[in-house]
Amino acid sequence: MSGYLEAQLIILCLSTIYAYGIFIPAASGQLNLGAAGFITLGAYASAWFNSMDGLGLSATVSVILAMIFTGIVSFLISFPILRTKGVYMVLATFAFAEVVSGFVINFEFLGAAAGMPVDSHASILVVAPITLAVMIFSFYFMSTRFGLALRSIHDDENVATLFGIKVRTAKVIAFTVGAMIVSLGGSLYGLHFNYIEAQTFNVLLSIFILLYVLMGGTQTAWGPLIGAAFFTIVPEGLREIAEMLGWHWLAEGRFILFGAFIVILMVIRPEGIMTRTLQERIAGNLRNKNNAVTSEQPEGGR
Amino acid sequence: MTDNILDIGSLKKSFGGLVVIDDVSFAVTKASKTALIGPNGAGKTTIFNLLSGVYDVDSGSIVLDGVDITRTEAHDRVLSGLSRSFQNIRLMPHLSTVENVMLGQQATSRGWRDMIYPLGILPKNRWRDEAEAALADAGIGTYPGEVVANLPYGIQKRIEVVRAMVAKPKLLLLDEPAAGLNRVETDQLHQLLDRVHQGGVTLLVVEHDMHFVRSLCDHVVVLNFGEKIFEGPPDLVQKDPEVLKAYLGADDDKEDVANAS
Numbered sequence: 000m001s002g003y004l005e006a007q008l009i010i011l012c013l014s015t016i017y018a019y020g021i022f023i024p025a026a027s028g029q030l031n032l033g034a035a036g037f038i039t040l041g042a043y044a045s046a047w048f049n050s051m052d053g054l055g056l057s058a059t060v061s062v063i064l065a066m067i068f069t070g071i072v073s074f075l076i077s078f079p080i081l082r083t084k085g086v087y088m089v090l091a092t093f094a095f096a097e098v099v100s101g102f103v104i105n106f107e108f109l110g111a112a113a114g115m116p117v118d119s120h121a122s123i124l125v126v127a128p129i130t131l132a133v134m135i136f137s138f139y140f141m142s143t144r145f146g147l148a149l150r151s152i153h154d155d156e157n158v159a160t161l162f163g164i165k166v167r168t169a170k171v172i173a174f175t176v177g178a179m180i181v182s183l184g185g186s187l188y189g190l191h192f193n194y195i196e197a198q199t200f201n202v203l204l205s206i207f208i209l210l211y212v213l214m215g216g217t218q219t220a221w222g223p224l225i226g227a228a229f230f231t232i233v234p235e236g237l238r239e240i241a242e243m244l245g246w247h248w249l250a251e252g253r254f255i256l257f258g259a260f261i262v263i264l265m266v267i268r269p270e271g272i273m274t275r276t277l278q279e280r281i282a283g284n285l286r287n288k289n290n291a292v293t294s295e296q297p298e299g300g301r
Numbered sequence: 000m001t002d003n004i005l006d007i008g009s010l011k012k013s014f015g016g017l018v019v020i021d022d023v024s025f026a027v028t029k030a031s032k033t034a035l036i037g038p039n040g041a042g043k044t045t046i047f048n049l050l051s052g053v054y055d056v057d058s059g060s061i062v063l064d065g066v067d068i069t070r071t072e073a074h075d076r077v078l079s080g081l082s083r084s085f086q087n088i089r090l091m092p093h094l095s096t097v098e099n100v101m102l103g104q105q106a107t108s109r110g111w112r113d114m115i116y117p118l119g120i121l122p123k124n125r126w127r128d129e130a131e132a133a134l135a136d137a138g139i140g141t142y143p144g145e146v147v148a149n150l151p152y153g154i155q156k157r158i159e160v161v162r163a164m165v166a167k168p169k170l171l172l173l174d175e176p177a178a179g180l181n182r183v184e185t186d187q188l189h190q191l192l193d194r195v196h197q198g199g200v201t202l203l204v205v206e207h208d209m210h211f212v213r214s215l216c217d218h219v220v221v222l223n224f225g226e227k228i229f230e231g232p233p234d235l236v237q238k239d240p241e242v243l244k245a246y247l248g249a250d251d252d253k254e255d256v257a258n259a260s
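For the record, the sequence lines run as chains A and L.
Position 63 of the first sequence, counting from 1, maps to 62 under numbering that gives the first Met the number 0, and the rest follow consecutively.
Position 210 of the second sequence, counting from 1, maps to 209 under numbering that gives the first Met the number 0, and the rest follow consecutively.
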């Protein structure tokens, strides 16, 4: 595999993992702008557990412990954070990420502002299957009664309560599970690049991850994958095309075009690229196509 | 052991200075079909909101099948055997028909094993089969996978009833289930409710359509301005002077004119 392609694939994999971690709480209507905070927790915790100066544990154990550690932290902070809603939750999670970053930068044993090397290495052959596993887990998770509860909370919290859903418990679990997935992504980042720096996990990263999720659509588990793929592939694709055509101004300024893309997308698909209705339509078309082979149907319904 | 499924004792509720429910007491007999009627603003829906836990009561008591649920949390009331539909449709717009019904089954699920069962992926499973059967039984079995926001009003209205039904309540609260339905749909609803009732569920129905009330219900409670003004069999309701006054405002008109001048 060429170095360039592998690098792109790694970014796609990590973005996808992050996106699923933010998607699970977003499915219940939580807007989490704290992805960078959970990435930092995962990356630094696993690096320290793994490092000889730290606990010197194996990479696998370190990653799992880092997930548990992030899980505990996010469980504890979910109580104050989940008292907020909408744009206030965005601010609260953003503040959390800044606090985490502030901590790391001020701790000498975590390398402070200079960053921290990571001893073990994880290649694309490790990262890609884990990404797939996260996707499968997310699809499974959203298909359970628990996922149904989260989607119900997103639509109408009060009615969900009246049908026996403990809204607060469900939200805390979604927030925590999501944070653990993001933490896994952070650990893999560290293990792949073998060097972590708190400054790379900044608010811009959090914004992008939340955008993947919102642009992809929060109604189905396809959303985060589509969002992450769109955001990773389109800018690169634009550059390839521009270079092929010899339009250097476009290669330089492709983000202007990409920005316009986002605006247009927001206008025509405000609920994300993939919506429940669209999924049903695609599934219906596939069904009809299969039926058409076996029996001629005059009207395939809707 | 009483034969009342629901006992409401001196219920009071006010919003700020506005008293909406003033000392209302009534009982619903087990296996009855009771109607709760009254002019607009009489407090019918507020009673439903107090029963289902949307609002906390100011004072009074709610006893469901011998258990005091006055202070029970809203999400536990459905477990005590009470579920409801809504006057304005409150289905989950982004869920499919069958998923909305599966949400109604939440109260019948037990423990973690049911919570982590992948009922959305498996094409055939106990929950989905039961939900689809309940929809088919209500005459709306042709749209299981359709997202509810895209369905017509009459269908959505009946999905609401099915969703409340599959929670397997002892007492089913229906807030204007027939409003906006055409004749055929109303008849189908009537048959559905009869079948639910035969299954041992007590019905408490808020409804404006008196024809529907008379044909469905065996007992009527009339509210006006947050107070109970009549309770008895449906035949007597329209002969009661208090009820006539509340609906037609016969004597009040003269007073109003007198007050205005």
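Cβ atoms here follow ideal geometry from the backbone N, Cα and C, with glycine treated the same way.
Less than 9 Å separating the beta-carbons of residue 165/L and residue 103/L?
-> Residue numbering aside, residue 165/L sits at position 166 when the second sequence is read from its first letter. Residue numbering aside, residue 103/L sits at position 104 when the second sequence is read from its first letter. Yes. Within cutoff.
Is any beta-carbon of chain L found at less than 9 Å from that of residue 276/A?
-> For the purposes of this step, residue 276/A is taken as the residue at position 277 of the first sequence. Yes, its Cβ sits closer than 9 Å to a Cβ of chain L.
Looking at the C-beta of residue 282/A, does it have a partner C-beta in chain L at a distance below 9 Å?
-> In the first sequence, residue 282/A corresponds to position 283, counting from 1. At least one chain L Cβ lies under 9 Å of residue 282/A.
Distance between beta carbons of residue 93/L and residue 160/A, contact taken as under 8 Å | Numbered from 1 along the first sequence, position 161 holds the residue referred to as residue 160/A. Numbered from 1 along the second sequence, position 94 holds the residue referred to as residue 93/L. Actually they do not touch by this definition, with Cβ atoms about 18 Å apart.
Give every residue of the same chain whose Cβ lies closer than 8 Å to the Cβ of residue 36/L, excluding the five residues on either side of it in the sequence, and list them in chain order.
-> Taking the second sequence and counting its residues from 1, the one referred to as residue 36/L is at position 37. These residues qualify, in order along the chain: 43, 205, 206, 207, 209, 212, 219, 220, 221, 222 and 236.
Ignore the nearest five residues each way along the sequence and tell me which others in residue 298/A's own chain have a CB closer than 7 Å to its CB.
-> Working through the first sequence from its first residue, we reach residue 298/A at position 299. Annotation note: pLDDT 40 at residue 298/A (below 50); position unreliable, coordinate value reported separately. Excluding sequence neighbours, residue 298/A sits near nothing in its chain.
Look at the Cβ atom of residue 2/L, then the Cβ atom of residue 84/L, and state whether they are nearer than 9 Å.
-> In the second sequence, the residue the question calls residue 2/L occupies position 3. In the second sequence, the residue the question calls residue 84/L occupies position 85. No.
Could you work out which residue in 220/A, 215/A, 234/A and 219/A is closest to residue 226/A when comparing CA atoms only?
-> Indexing the first sequence from 1 puts residue 226/A at position 227. Ranking the options by Cα distance to residue 226/A, first place goes to 215/A.
Inter-residue CB distance, residue 21/A and residue 34/A (contact presumed, cutoff 8 Å) | Reading the first sequence from its first residue, position 22 is the one you call residue 21/A. Reading the first sequence from its first residue, position 35 is the one you call residue 34/A. The pair is a contact, with the Cβ atoms about 6 Å apart (cut-off 8 Å).
Top-ranked residue by Cα proximity to residue 151/A, from 59/L, 96/L, 149/L and 134/L = In the first sequence, counting from the first residue as 1, residue 151/A sits at position 152. For residue 151/A, the nearest C-alpha among the options comes from 96/L.
DSSP three-state call for residue 56/L: helix, strand or coil?
-> Locating residue 56/L in the second sequence gives position 57, where the first residue counts as 1. In this structure, residue 56/L counts as coil in the three-state DSSP scheme.
Alpha carbon to alpha carbon, how far is residue 121/L from residue 259/A?
-> If you number the second sequence from 1, residue 121/L lands on position 122. If you number the first sequence from 1, residue 259/A lands on position 260. Taking the straight line joining both Cα atoms gives about 40 Å.
In angstroms, rounded to a whole number, what distance separates the CA positions of residue 32/A and residue 288/A?
-> Your numbering for residue 32/A matches position 33 in the first sequence. Your numbering for residue 288/A matches position 289 in the first sequence. For residue 32/A and residue 288/A, the distance between alpha carbons rounds to 41 Å.
Can you name the start and end residues of the beta strand (DSSP E) that residue 26/L belongs to?
-> The residue given as residue 26/L occupies position 27 in the second sequence. Per DSSP, residue 26/L belongs to the beta strand (DSSP E) from 17-28.
Using a Cβ cut-off of 9 Å, which residues of the region 137-151 of chain L contact any Cβ in chain A, in chain order?
-> 141, 142, 144, 145, 146, 148 and 149
Would a C-beta distance cut-off of 9 Å place residue 69/A and residue 197/A closer than the cut-off?
-> Position 70 of the first sequence, counted from the start, is the residue given in the question as residue 69/A. Position 198 of the first sequence, counted from the start, is the residue given in the question as residue 197/A. For residue 69/A and residue 197/A, no; Cβs fall outside 9 Å.
Contact between the region 138-156 of chain A and the region 12-31 of chain A (3+ Cβ pairs under 8 Å) = yes
N- and C-terminal bounds of the alpha helix (DSSP H) containing residue 219/L | Residue 219/L sits at position 220 when you count from the first residue of the second sequence. Residue 219/L -> not in any alpha helix (DSSP H); beta strand (DSSP E) instead, spanning 218-223.
Sequence-distant residues of the same chain with beta carbon closer than 6 Å to residue 54/A, five excluded per side = Locating residue 54/A in the first sequence gives position 55, where the first residue counts as 1. Excluding residues within five positions, the ones whose Cβ falls inside 6 Å are 48.
Are the C-beta of residue 93/L and some C-beta of chain A separated by less than 9 Å?
-> The residue given as residue 93/L occupies position 94 in the second sequence. Residue 93/L counts as touching chain A.
Excluding the 5 residues preceding and the 5 following residue 79/L in the sequence, name in chain order all residues of the same chain whose CB lies nearer than 7 Å to its CB.
-> Within the second sequence, the letter at position 80 stands for residue 79/L. Answer for residue 79/L: 63, 66, 68 and 71, listed in chain order.
Report the three-state DSSP secondary structure of residue 117/A (helix, strand or coil).
-> Numbered from 1 along the first sequence, position 118 holds the residue referred to as residue 117/A. Residue 117/A falls in the coil class under three-state DSSP.
Every unbroken alpha helix (DSSP H) within the region 69-104 of chain L, with a cutoff of 4 residues, ordered by chain = 73-79 and 96-103
Out of 200/L, 162/L and 181/L, point me to the one whose CA is closest to residue 129/L's CA.
-> Walking along the second sequence from the start, residue 129/L turns up at place 130. Closest by alpha carbon: 162/L.
Neighbour-count burial assignment, residue 227/L, 16 or more Cβ in a 10 Å radius | On the second sequence, residue 227/L is found 228 positions in, with the first residue counted as 1. Classification for residue 227/L: buried.
What are the residues that DSSP puts in a beta bridge with residue 33/L?
-> For this step, residue 33/L is matched to residue 34 along the second sequence. 203/L and 218/L.
Cβ-based contacts, 7 Å cut-off: residues of the region 98-118 of chain L near chain A | 98, 101, 102, 103, 105, 106, 108, 113, 114, 115, 116, 117 and 118
Inter-stretch contact at 8 Å, needing at least 3 Cβ pairs: the region 104-111 of chain A / the region 163-180 of chain A | no
Status (buried if at least 16 other CB within 10 Å, exposed otherwise) for residue 184/A | Here residue 184/A refers to the residue found at position 185 when the first sequence is read from its first residue. The residue in question, residue 184/A, is buried, as its Cβ has 16 or more Cβ neighbours within 10 Å.
Note down, in chain order, each residue of its chain lying with its Cβ closer than 8 Å to the Cβ of residue 256/A, except the 5 sequence neighbours on either side.
-> By one-based count along the first sequence, residue 256/A stands at place 257. For residue 256/A, where only same-chain residues beyond five positions count, the Cβ hits under 8 Å are 237 and 249.
Beta carbon proximity, residue 295/A to chain L, threshold 9 Å = Looking up residue 295/A in the first sequence gives position 296. Reliability fails at residue 295/A, whose pLDDT of 41 lies under 50, so the model's placement of it is uncertain and no value is given.
Counting pairs of beta carbons, one from the region 138-147 of chain A and one from the region 141-152 of chain L, are three or more of them closer than 8 Å?
-> no
In chain order, what residues of the same chain have a beta carbon less than 7 Å from the beta carbon of residue 211/A, not counting five sequence neighbours either side?
-> For the purposes of this step, residue 211/A is taken as the residue at position 212 of the first sequence. Taken in chain order, the residues that qualify are 14, 18, 223, 226, 227 and 230.
Assuming residue 171/L contacts residue 82/L (C-beta within less than 8 Å), just tell me the rounded distance between them.
-> Indexing the second sequence from 1 puts residue 171/L at position 172. Indexing the second sequence from 1 puts residue 82/L at position 83. Correct: roughly 6 Å between the Cβ atoms.
For residue 80/A versus residue 92/A, is the C-beta distance shorter than 9 Å?
-> The sequence position of residue 80/A within the first sequence is 81, counting from 1. The sequence position of residue 92/A within the first sequence is 93, counting from 1. In contact: residue 80/A and residue 92/A (Cβ atoms closer than 9 Å).
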